[in-house]
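In short: position in the sequence shown from 1, add 3, done, that's this note's numbering.
Below is one structure, written out as structure tokens; comments come after it.
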Amino acid sequence: MPDTLTITDNRTGKQYELPIQDGTIRAVDLRQIKVQPHDLGLMTYDPAFMNTAACRSRITYIDGDKGILMYRGYPIEQLAEHSEYLETAYLILSGELPTKTQYEEWVREVKLHTMLHENVKKLMEGFQYDAHPMGIFLSTVGAMSTFYLDAKQIFDEEARRHQRLRLIAKVPSIAAYAYRHHIGRPYVYPDNDLSFTGNFLNMLFKMTELKYQPNPVLERALDVLFILHADHEQNCSTSAMRGVGSSHVDPYSAMAGAAAALYGPLHGGANEAVLRMLEEIGTVQNVPGFIKRVKGGEGRLMGFGHRVYKSYDPRAKIIKQTAGQVFEVTGRNRLLDIALELERIALQDEYFVSRKLYPNVDFYSGLIYQAMGFPKDMFPVLFAIARTAGWVAQWEEMLLDPDQKIARPRQIYTGPKSRNFVPREKRA
Ligand code: CMC
């Protein structure tokens, strides 16, 4: 017997059988239940999508209670240990890990696309010297749509393949230019002899040396951080990517929307906010007082809590280990002790325990980025580079899903009832 949900309308005594599939009922099945004789039918009210599955997806699986994260079925711990960012991006985009030949070809193709059009460079030069790099990043990604005539051919597989390659390959260049612009240094062209992450470090930090040599420990640490941030199913920015993309706009414009969503302090801007918070706390002695203020409703403990994880974020565990390796090279970040003390107190405090608030991916990542020499306002940009793989994969999945249409939620209207226009001179 198929799983169904029986709903009885107490007003009419009528019963409705709604099929249950994959642990969900279809919201439109509720339409047959009329609240008023001529209305559209019963709707669900779900601000912030607390309990709504908006798509089917084969990309990322999260079990928030058990702290499990998998890309295409591969546990994040295994990918972080054995994979490289570009290989993980291939997996996320195509569904399978590449063979050796496929991987070499993918890396070669990505490297072919790392250069930015000179006019993109000029466009970036127009920003104020103190412009936030994430503002520069998202504007430039949006502007890229005007550089590629095939960007709008979203139902052409070959055109999509090109946009996919361009986006993955060019975001580190945009990010590095945004950073160099911010600090007033000349832009550095890509060096395709280096790895994806090594080249990114080159474009960020190369000075007058003929050839930039990335530190292998830092190069690997950044690559691991990119793997950890590559996708995270239907988060705020991915939902923006799918939502904007559902209007069939080009992927650059959709990704500008996704990057804008990521910029906010409750999402990808949280790592920047964590560092500012740690600096504001200043010393380990100030931690109990800070926790007290958070519990009293004066702000949040940034880098803690998650909509989906109600246990330790598996990415935070890996980042904590990676931090140790990075600090061996860079020296210990003095803010680490404050972070460790915050975590120690919060994990045994009733307020955080009862609300299941644990460190999330952003709690320790900023400490690593800072130790590696990144200024705080670059942190969300680093997140955006990595998340490009997820955004593009989710965008394509949405486009090719026959269940999807333009995203268009309903509302409950709470404004005034119909009233007549009053000329200006007659208004009280
Ligand atoms: N510090 C103090 N209290 C918190 C925190 C926090 N970081 N997070 C949630 N709470 C409290 C909140 O006040 C509420 O308490 P009450 O039930 O008494 O009103 C309860 O916990 C549930 O919070 P919520 O706001 O309903 O939870 P949410 O699922 O809507 O929000 C969140 C999730 C990530 C936005 C939130 O936990 C938060 O603001 N955390 C700090 C910002 C942060 O670290 N964001 C990065 C998220 S992970 C990476 C990413 O997604 O980009």
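Glycine residues also receive a C-beta, built at the ideal position from the N, C-alpha and C atoms.
This structure is a prediction, so every number in the text was calculated from the model and none was measured.
Go ahead and label residue i buried or exposed: buried means 16 or more other beta carbons lie within 10 angstroms of its beta carbon, across all protein chains shown.
| i | result |
| --- | --- |
| residue 212 | exposed |
| residue 406 | exposed |
| residue 83 | buried |
| residue 413 | exposed |
| residue 293 | buried |
| residue 196 | exposed |
| residue 26 | exposed |
| residue 147 | buried |
| residue 282 | exposed |
| residue 284 | buried |
| residue 308 | buried |
| residue 287 | exposed |
| residue 13 | exposed |
| residue 374 | buried |
| residue 377 | buried |
| residue 115 | exposed |
| residue 87 | buried |
| residue 207 | buried |
| residue 3 | A question about residue 3 goes unanswered here, because the residues of the chain that appear run from 4 up to 431. |
Does residue i have its Cβ less than 7 Å from a Cβ in chain C?
| i | result |
| --- | --- |
| residue 256 | Protein chains in the displayed structure number just one, and chain C is not present. |
Just to confirm before moving on: does the CB-CB distance between residue i and residue j stay below 7 Å?
| i | j | result |
| --- | --- | --- |
| residue 178 | residue 140 | yes |
| residue 96 | residue 319 | no |
| residue 371 | residue 329 | yes |
| residue 365 | residue 135 | no |
| residue 401 | residue 245 | yes |
| residue 191 | residue 209 | yes |
| residue 234 | residue 63 | yes |
| residue 249 | residue 322 | no |
| residue 150 | residue 185 | no |
| residue 268 | residue 259 | no |
| residue 10 | residue 19 | yes |
| residue 363 | residue 316 | yes |
| residue 155 | residue 253 | yes |
| residue 438 | residue 325 | The displayed coordinates of the chain run from 4 to 431. Any statement about residue 438 would go beyond what the structure contains. |
| residue 306 | residue 257 | no |
| residue 180 | residue 127 | yes |
| residue 15 | residue 170 | no |
| residue 394 | residue 261 | yes |
| residue 32 | residue 21 | yes |
Round the Cβ separation of residue i and residue j to the nearest angstrom and send it over; I've been treating them as touching at under 8 Å.
| i | j | result |
| --- | --- | --- |
| residue 90 | residue 78 | With 8 Å as the limit, residue 90 and residue 78 do not qualify as a contact, their Cβ atoms being about 15 Å apart. |
| residue 361 | residue 312 | 7 Å |
| residue 251 | residue 341 | The pair is not a contact, with the Cβ atoms about 47 Å apart (cut-off 8 Å). |
| residue 47 | residue 23 | The pair is not a contact, with the Cβ atoms about 15 Å apart (cut-off 8 Å). |
| residue 189 | residue 176 | That belief does not hold up - the Cβ atoms of residue 189 and residue 176 are roughly 14 Å apart, past 8 Å. |
| residue 242 | residue 271 | That belief does not hold up - the Cβ atoms of residue 242 and residue 271 are roughly 13 Å apart, past 8 Å. |
| residue 445 | residue 98 | With the chain covering 4 to 431 only, the question about residue 445 has no answer from this structure. |
In the DSSP assignment, the alpha helix (DSSP H) including residue i goes from what residue to what residue?
| i | result |
| --- | --- |
| residue 2 | Past the boundaries of the shown model lies residue 2; the chain is included only from 4 to 431, so the question cannot be answered. |
| residue 2 | Because the chain here runs from 4 to 431, residue 2 falls outside it and cannot be looked at. |
| residue 8 | No alpha helix (DSSP H) holds residue 8; the beta strand (DSSP E) holding it covers 7-11. |
| residue 190 | Neither: residue 190 is in no alpha helix (DSSP H) and is coded neither H nor E. |
| residue 226 | 219-231 |
| residue 341 | 339-349 |
| residue 400 | 382-402 |
| residue 242 | 239-248 |
| residue 42 | Neither: residue 42 is in no alpha helix (DSSP H) and is coded neither H nor E. |
| residue 122 | 121-128 |
| residue 369 | 365-374 |
| residue 142 | 136-146 |
| residue 94 | 88-97 |
With residue i as the anchor, note down where its beta strand (DSSP E) starts and where it stops.
| i | result |
| --- | --- |
| residue 22 | 18-22 |
| residue 66 | 63-66 |
ask   = What are the complete alpha helix (DSSP H) segments, minimum 4 residues, inside the segment 264-317?
value = 273-284 and 290-298
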